[in-house]
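Peer 1: One structure, pasted below without further comment.
Numbering (this note's numbering), first residue to last: 164 to 308.
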C-alpha cells in the first residue's frame, strides 16, 4: 500500500482539458458552455505591499470549497482511475478492482507486489505529466528492472 497526494491539484486543473473531458463523457453541451463562460471570465490580480497588479486571466484551477469542484475534479482524474483499473496491477476481489481509492487529491494504491505498485506509480506519473498534475514523491518505492 502507498499513499500519494496531488500537490495543489485543484489549482492545476486545465480548463481546456477539463471541458474536453466533459464533452467526451457526454455532458450536455449547454452545461459545458455555461462552465466555459463561467471559467472564461475568471481574472485575478496580485497585491504586493498594498499595490495591485494588472488583472490577468486564470486558465486553470477549480475553487476549493466550490460545490462543483470535487465533481469536475473527479472527471479530470477519472481516466487515471480507469487506467489503473485496466492495467492489471493492483488488488482485485474477484473481478472488481480495489487497487486504488481516491478522495479529492489523495490517492491510496494497493498492490500485492512492490513491482505492481511501482507500475501503478509509473502510470500516475505519466498521467500527471499529460494533465499538469504533480504527485508528491515522498516514499515512492523504486523497483530496479
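We put the CB at the ideal spot given by N, CA and C, even for glycine.
Which residue wins for smallest C-alpha separation from residue 259, given the options 251, 266, 209?
Peer 2: The shortest C-alpha separation from residue 259 is found at 251.
Peer 1: Which two residues bound the contiguous alpha helix (DSSP H) that contains residue 290?
Peer 2: 277 to 293 is the span of the alpha helix (DSSP H), which, as asked, contains residue 290.
Peer 1: Helix, strand or coil for residue 248 per DSSP?
Peer 2: Residue 248: helix per DSSP, three-state reduction.
Peer 1: For a quick check, are the C-beta atoms of residue 167 and residue 270 less than 8 Å apart?
Peer 2: Yes.
Peer 1: Please state the DSSP three-state secondary structure of residue 225.
Peer 2: Three-state DSSP puts residue 225 in coil, outside helix and strand.
Peer 1: Rounded to a whole number of angstroms, what is the C-alpha to C-alpha distance between residue 199 and residue 264?
Peer 2: If you take the alpha carbons of residue 199 and residue 264, they lie about 29 Å apart.
Peer 1: Indicate the three-state DSSP secondary structure (helix, strand or coil) for residue 261 in the structure shown.
Peer 2: Looking at residue 261 - three-state DSSP - the assignment turns out to be coil, as it is neither helix nor strand.
Peer 1: Residues in the same chain with beta-carbon distance under 7 Å from residue 184, minus the five sequence neighbours each way, listed in chain order, please.
Peer 2: Within the same chain, residue 184 has close Cβ partners 238, 239.
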